[in-house]
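Beneath this line is the structure, given in structure tokens, with notes to follow.
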Amino acid sequence: DSGVTQTPKHLITATGQRVTLRCSPRSGDLSVYWYQQSLDQGLQFLIQYYNGEERAKGNILERFSAQQFPDLHSELNLSSLELGDSALYFCASSVGVWDPQHFGDGTRLSIL
Amino acid sequence: QQPVQSPQAVILREGEDAVINCSSSKALYSVHWYRQKHGEAPVFLMILLKGGEQKGHEKISASFNEKKQQSSLYLTASQLSYSGTYFCGTDSGNTPLVFGKGTRLSVIA
């Protein structure tokens, strides 16, 4: 158990819809990362927050947004969903920016 | 820029050794290694900082050659539990980790 909690574990929805993925980092970790992993693909970095502020952005689509709240939990919002958005979305957390990252179990998003 | 991992896949018999390479075109500050078993989340293995440091984790060790911008992961006397996909993540300083596409390792009895 990494200590990182992601909900929901599975999400099935239709094209054009909007969903919110939630992540609670390990106790004491200030940095939260979001990754997208498609079938047989590596980990594509989406966005990073550190202590409530956005720190870095990767290849995140404009239809996607995220935030980190004062209690350090984070949410990833995906809107106007397309079939290609189907993937496993991981959240990870770390103490500092370059410390080991601990991954949650992921949210598997299926777009029908 | 995404680091390049080689080989893409490897099959080993129990007890055999393997080397997984990670190469970057950018100067590196550190290299992180993770293992992801099928259907599970990636798990941190080790971090190597610039300075040619070598680290070990049970029978898994790694080296980092900052001049060549390369890191190698060494798995000795492989066990069935080593099966999974190994990712390297590279840090070029003040930037998020960039992960390679992974190396799929299968250990068979």
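Each protein sequence line maps, in turn, to chains V and W. Numbering of the first sequence is given in the numbering used here, commencing with residue 90 and proceeding in unit increments. Numbering of the second sequence is given in the numbering used here, commencing with residue 291 and proceeding in unit increments. Ideal Cβ placement from N, Cα and C applies to all residues, glycine included. None of these values were measured; they are calculated from a predicted model.
Query                                                                                                                    : Result
What are the boundary residues of the beta strand (DSSP E) that includes S351/W?                                         : 350-355
Using a cut-off of 8 Å between C-beta atoms, extract the partners of H191/V located in chain W.                          : F334
Applying a beta-carbon distance threshold of less than 7 Å, which residues of chain V neighbour A331/W?                  : S91, F179, F192, G193, D194, G195
In the DSSP assignment, find the unbroken beta strand (DSSP E) run with W123/V in it and report its ends.                : 120-126
Distance check for Q137/V and S320/W, CA to CA, integer angstroms please.                                                : 18 Å
Any idea if R157/V is buried or exposed, counting beta-carbon neighbours within 10 angstroms, 16 or more meaning buried? : Position check: residue 157/V holds Gln in this sequence, whereas Arg was assumed. Buried is the call here.
Of all the CB atoms in chain V, is at least one closer than 7 Å to the CB of G392/W?                                     : yes
Starting from T109/V, trace the beta strand (DSSP E) both ways and give me its first and last residue.                   : 108-113
Taking 7 Å as the CB-CB cut-off, is P297/W touching chain V?                                                             : no
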